Amino acid sequence: MNAVTDEEFQQAGEVTPDSVMRYLRGSGWSVSRDLGSGQLWELRADEGRPYQVLVPVRPQVRDYAARISDLLETLSAVEARRPGDVLREMFLPSADWQFLRLTPPGPSGTAPLVDVVPALAGLRDLMTAAAASSVAPVPQPVQPAQKPQQVKEYVARVRLDQTRVGSYVVAAHTPLSTPVHAGEPFERSVTRRLYASVLCAREAAAASVAADELQDFLGYTGVGLSANLCEALVKISGEQRNGFSLAFAWSPDIPVGQKTAPIPLARPHLEVLEAAARDLRARAGRTDVALQGTVVRLRRELPYGPGEITVSALTEEWQRPRRVRVHLAEPEYERAAEAHRLGHEVVIQGDVRVSGTAVRMESVTSFMTVPVDD
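Offset between the sequence shown (1-based) and this note's numbering: plus 241.
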């Protein structure tokens with residue numbers, strides 16, 4: 242067992258009982274008995290009797306620092322960490338934590354620099370994607386490159402802590418601010434969005450692996466899944482696509498209603514996520530695109546005037562033809578109707594927009610018909 246140093250003993254007398262209890266709640270401990278001058282807390286062990294610590298509730302007592310030091314030494318043994326690291330964390334403000342466990346080859350607790358650098362960059366991109374999804378009125382499958390200031394400020398507040406025991410564990414935390422209005426802090430909403438989107442990404446990837454076919458990731462955009470998030474997860478894995486897991490610890494000041502198990506991602510999942518990111522970008526729409534295909538449907542309210550056509554078209558990014566709806570002015574609509582009658586193709590230039598499974602072309606800039614040789 243690691244002993245508390247003289248300096249840590251002095252600092253132990255400065256930590257408040259509330260801070261100690263908040264740390265214990267966040268680490269899975271619970272109150273067993275109220276002893277008046279203190280509380281007995283327990284942590285169930287996998288085998289044998291539970292761990293126990295006594296938390297003094299009155300810091301004015303003469304032996305307060307000694308009691309907290311005893312508690313720190315017990316936590317040090319349970320968590321396989323130095324007492325000073327545990328004590329330092331008790332002084333931190335209320336925060337949500339994320340633990341990124343990398344599994345690179347080599348001795349436990351170490352990682353090659355070439356693996357850590359992309360992992361940290363990917364973790365930053367992951368936080369950015371979750372925050373951008375949280376502030377968007379409607380989550381998008383592909384997020385704009387320019388992020389709102391609120392997103393930038395959130396990412397700037399994310400802090401990295403010392404690594405934990407394990408293969409190689411990066412600990413990140415975001416202090417929770419006081420909400421301006423009633424409701425949860427913005428930081429908590431981002432953490433919830435991050436957990437939900439990564440969990441859905443993992444489930445969709447697992448389903449794709451099981452079916453040996455890429456599933457429709459577009460259906461998960463409502464919970465925050467995006468091409469940006471998939472790309473961030475792939476970036477974390479590095480060039481070798483090493484598997485990793487992401488675990489969450491929620492501030493006990495704002496309890497969550499359900500357990501959130503760590504989310505593991507193996508190489509097959511990451512390969513699927515890489516393909517899913519490409520698919521989402523291909524389906525999200527582009528500007529100034531030329532589509533060529535056949536008119537399969539004509540629709541307008543009156544015998545004259547503008548109308549809407551549906552074109553079966555294929556682009557380099559689409560793996561199969563897709564039906565695209567286009568609104569045309571009367572002259573272009575008449576030419577499209579003629580092309581449909583003669584079996585000719587049309588070439589239309591404009592902006593492609595994707596909403597769910599529906600594809601539309603907007604802001605049409607050019608329209609022409611192309612005869613098809615028999």
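Quick reminder that beta carbons are idealized off the backbone N, C-alpha and C, glycines included.
Since the structure is predicted, the reported quantities are computational estimates derived from the model, not experimental observations.
Nearest residue (CA-CA) to leucine 455, options Pro493, Ala253, Trp491 and Arg519 | Nearest to leucine 455 by C-alpha distance, out of Pro493, Ala253, Trp491 and Arg519, is Arg519.
Cα-Cα separation, cysteine 441 to glycine 465 | For cysteine 441 and glycine 465, the distance between alpha carbons rounds to 9 Å.
Cβ-Cβ distance between arginine 266 and proline 416 below 7 Å = At least 7 Å separates the beta-carbon of arginine 266 from that of proline 416.
Figure out for me which residue from Ala373, Glu288, Leu470 and Ser607 has the closest Cα to the Cα of alanine 531.
-> Among Ala373, Glu288, Leu470 and Ser607, the Cα nearest to that of alanine 531 belongs to Ser607.
Between methionine 609 and alanine 452, what straight-line distance do the alpha-carbon atoms span, to the nearest angstrom?
-> Each residue's Cα considered, the two are about 41 Å apart.
Within the chosen definition, does the segment 336 to 345 reach the segment 428 to 444 through at least 3 CB pairs nearer than 8 Å?
-> Yes, the segment 336 to 345 is in contact with the segment 428 to 444.
Roughly how many whole angstroms lie between the Cα atoms of threonine 462 and glutamate 512?
-> Straight-line Cα distance between these residues: approximately 19 Å.
Tyrosine 574 lies in the alpha helix (DSSP H); which residues open and close that run?
-> Note, tyrosine 574: alpha helix (DSSP H), 571 to 583.
Residue of Ser418, Val399 and Val587 minimising C-alpha distance to valine 411 | Restricting attention to Ser418, Val399 and Val587, the CA atom closest to the CA of valine 411 is found in Val399.
Use the C-beta contact count for tyrosine 545: other C-beta atoms within 10 angstroms, 16 or more gives buried, fewer gives exposed.
-> Burial is judged here by how many other beta carbons sit within 10 angstroms of a residue's own beta carbon; tyrosine 545 has fewer than 16 and is exposed.
Residue from Gln387, Leu367, Val296 and Arg405 whose Cα sits closest to the Cα of glycine 350 | Ranked by how close their Cα comes to the Cα of glycine 350, the residues Gln387, Leu367, Val296 and Arg405 have Arg405 in first place.
Measure from the alpha carbon of arginine 508 to the alpha carbon of each residue in Lys476, Ser374, Phe489 and Leu521, then state which is nearest.
-> Of the candidates Lys476, Ser374, Phe489 and Leu521, the residue whose Cα lies closest to the Cα of arginine 508 is Lys476.
Tell me the DSSP bridge mates of methionine 609?
-> Looking at the DSSP assignment, methionine 609 forms a beta bridge with Val588.
Residue closest to arginine 308, alpha-carbon to alpha-carbon, out of Phe250, Leu276, Pro382 and Val376 = Looking at the Cα atoms, Phe250 is the closest of the given residues.
Under a three-way DSSP split, which group does valine 302 fall into?
-> Collapsing the DSSP output to three states places valine 302 in coil.
Glutamate 472 - containing alpha helix (DSSP H), residue span | Boundaries of the alpha helix (DSSP H) harbouring glutamate 472: 468 to 477, taken from the DSSP string.
Which ranges does the beta strand (DSSP E) cover as unbroken runs of at least 3 residues, wholly within the segment 331 to 372, from first to last along the chain?
-> When DSSP assignments are scanned along the segment 331 to 372, the uninterrupted stretches of beta strand (DSSP E) that are 3 or more residues long and fall wholly within it turn out to be 336 to 343.
DSSP puts glutamine 280 in a beta bridge; with which residues?
-> Residue pairing from DSSP places glutamine 280 in a beta bridge opposite Asp275 and Val296.
Sequence-distant residues of its chain with Cβ nearer than 6 Å to serine 438 (five each side left out) = The beta carbon of serine 438 lies closer than 6 Å to those of Val464, Gly465, Leu466 and Leu470 in the same chain, with the five residues before and after it left out.
Could you give the DSSP three-state label for arginine 290: helix, strand or coil?
-> Of the three classes helix, strand and coil, the one that applies to arginine 290 here is coil, per DSSP.
Using 10 angstroms around the beta-carbon of glycine 460, count the other beta-carbons present and answer buried if the total reaches 16, otherwise exposed.
-> Glycine 460 is exposed by the Cβ-count criterion.
Reduced DSSP secondary structure (H/G/I, E/B, other) of glutamate 320 = Looking at glutamate 320 - three-state DSSP - the assignment turns out to be helix.
Using the DSSP secondary-structure output, state which residues sit across from alanine 531 in a beta bridge.
-> BP columns for alanine 531 point to Gln590.
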